[in-house]
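Protein chains: 2
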Amino acid sequence: MNSKIEKLIKLFAKLPRVGSRGGQRIALALLQDKTGRAANLATALLDAAENIAPCSCCGVLTDRGTICEFCRDATRANGQLCVVRDLSDVWTLEKSSVFHGRYHIIGGLLSGANGCLPQDLNIANLSERITNENITEIIFALPNTVEGKTTQHYIISAIGADNVTYSELASGVPLGGELDYIDDGTLTLAFGGRKSL
Amino acid sequence: MNSKIEKLIKLFAKLPRVGSRGGQRIALALLQDKTGRAANLATALLDAAENIAPCSCCGVLTDRGTICEFCRDATRANGQLCVVRDLSDVWTLEKSSVFHGRYHIIGGLLSGANGCLPQDLNIANLSERITNENITEIIFALPNTVEGKTTQHYIISAIGADNVTYSELASGVPLGGELDYIDDGTLTLAFGGRKSL
Chain A
61 MNSKIEKLIK
71 LFAKLPRVGS
81 RGGQRIALAL
91 LQDKTGRAAN
101 LATALLDAAE
111 NIAPCSCCGV
121 LTDRGTICEF
131 CRDATRANGQ
141 LCVVRDLSDV
151 WTLEKSSVFH
161 GRYHIIGGLL
171 SGANGCLPQD
181 LNIANLSERI
191 TNENITEIIF
201 ALPNTVEGKT
211 TQHYIISAIG
221 ADNVTYSELA
231 SGVPLGGELD
241 YIDDGTLTLA
251 FGGRKSL
Chain B
61 MNSKIEKLIK
71 LFAKLPRVGS
81 RGGQRIALAL
91 LQDKTGRAAN
101 LATALLDAAE
111 NIAPCSCCGV
121 LTDRGTICEF
131 CRDATRANGQ
141 LCVVRDLSDV
151 WTLEKSSVFH
161 GRYHIIGGLL
171 SGANGCLPQD
181 LNIANLSERI
191 TNENITEIIF
201 ALPNTVEGKT
211 TQHYIISAIG
221 ADNVTYSELA
231 SGVPLGGELD
241 YIDDGTLTLA
251 FGGRKSL
């Protein structure tokens, strides 16, 4: 196989959920296309790679050297700060329109297995943000896993602020969830957190 | 969402089997990566888009302005020419090591539904190749569908050469195929083409 095509397939294959067969498909689709999709994609990718960087305040990817749309939006300064793992979580929450405050992306979860240590978390400016932005509530929307809870506890102790309330998303049976498909751990949490009617 | 990221996601989402969620994942993985994968991929893609073109003889993608590895390889001049739809079929056949002649990529199948007409097929130089390369057998390895068979008949009549034999891949039960999973059409073909033992 031609070395340029082979290199391209290998790079595509390493992307999330693509794999070697998918990489072949994508490379062929782009190279056989006569409308210039390959060049368009390459240009857009280079443009984004060069000009996009994390917001210095919250970590949301935005135009390099600027503050992101959430941190700029004064209507979002409602005293609530939602701590999430990465940008895709921000997009998910935004799509649901459930939250109207500001975000803070920590960029990972503490884990011995994948080597994510406290210094890898983007939390250096959290205390500063609490003061500057008059934050009254920090809402943790981290994955409901051991790593998520560990990270949450670590961040609370690292902030050490008494003038904010901390909250986390409720655990329980998802909407439309049939009981026989729910795992034991979730059932235990749902029973423990039952609400009186 | 940032317009540069949005544009990138849309371009990725249009690639085969990626979709909007996959596009988000891929764009995020590339933009959050600190090892320069995004720039690498963009450079490789631009390089390939600019310097890769179909071989003027058989249609296999190769370095622009050169003849492909198959057409250059004298050991492949065995008088056999395998007609396939696109380059991924060539890769599939090469992986199986079942064929050692030369290829001819026609680039599509005749179909009213997707508007592929006879002039869209890459067959203009087929007669010339038969003469120049002393082709004695043309093997059709096109999809076993109505469009594949239509295209095959059209190409045979378009070539109109009497000094070559034409063949097509055998139809039947695939290796390891259980009869109760085989469709009626395949079973009919397999019965019609039964071999005496």
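The listed protein sequences correspond, in order, to chains A and B.
Every number in the working numbering is 60 more than the matching position in the first sequence, counting from 1.
Every number in the working numbering is 60 more than the matching position in the second sequence, counting from 1.
Just so you know, even glycine gets a beta-carbon here, dropped at the ideal spot from N, CA and C.
In whole angstroms, what separates the C-alpha of A:Ser-80 from that of A:Phe-72?
8 Å
Can you find a C-beta in chain B that's less than 8 Å from the C-beta of A:Gln-84?
yes
Determine the contact status of B:Ala-109 and A:Ala-109, defining contact as a CB-CB distance below 8 Å.
If you check the CB distance, B:Ala-109 and A:Ala-109 do not come in under 8 Å.
Taking a Cβ distance cut-off of 7 Å, strictly less, list which residues of the region 97-125 of chain A are near chain B, in chain order.
Ala-98, Ala-99, Asn-100, Leu-101, Ala-102, Ala-104, Leu-105, Leu-106, Asp-107, Ala-108, Ala-109, Asn-111, Ile-112, Leu-121, Thr-122, Asp-123
Hey, out of B:Asp-123, B:Thr-126, B:Ala-201, whose CA is closest to B:Asp-146's CA?
B:Ala-201
Shorter than 8 Å from the beta carbon of A:Asn-174 to some beta carbon of chain B?
no
From B:Ala-192 to B:Thr-211, what does the alpha carbon distance come to, in whole angstroms?
Note that residue 192 of chain B is Asn in the sequence shown, not Ala. Straight-line Cα distance between these residues: approximately 23 Å.
Quick one: what's got a C-beta closer than 8 Å to B:Leu-169's C-beta in the same chain, skipping five residues either side?
Arg-145, Cys-176, Leu-202, Pro-203, Thr-205, Glu-207, Gly-208, Thr-210, Thr-211
Mind checking if B:Ser-148 is an interface residue toward chain E, Cβ cutoff 8 Å exclusive?
Among the protein chains of the structure shown, namely A and B, there is no chain E.
By DSSP's criteria, A:Phe-200 is part of a beta bridge. Which residues make up the other side?
A:Val-143, A:Glu-228
Give the residues of chain A in contact with B:Leu-71, contact being defined as C-beta atoms less than 7 Å apart.
What B:Leu-71 touches in chain A: Asn-100, Leu-101, Ala-104.
At 7 Å on the CB atoms, spell out the chain B contacts of A:Asn-62, in chain order.
For A:Asn-62, the chain B residues whose C-beta falls within less than 7 Å of its own C-beta are Ile-112, Leu-121, Thr-122, Asp-123, listed in chain order.
Per DSSP, what kind of secondary structure is A:Asp-123 in: helix, strand or coil?
Reduced to three states, the DSSP call for A:Asp-123 is strand.
Keeping to the same chain, check which residues put their C-beta closer than 7 Å to that of B:Ile-183; ignore five residues upstream and five downstream.
Ile-166, Ile-215, Ala-218
Consult DSSP for B:Arg-254 and reduce its assignment to one of helix, strand or coil.
coil
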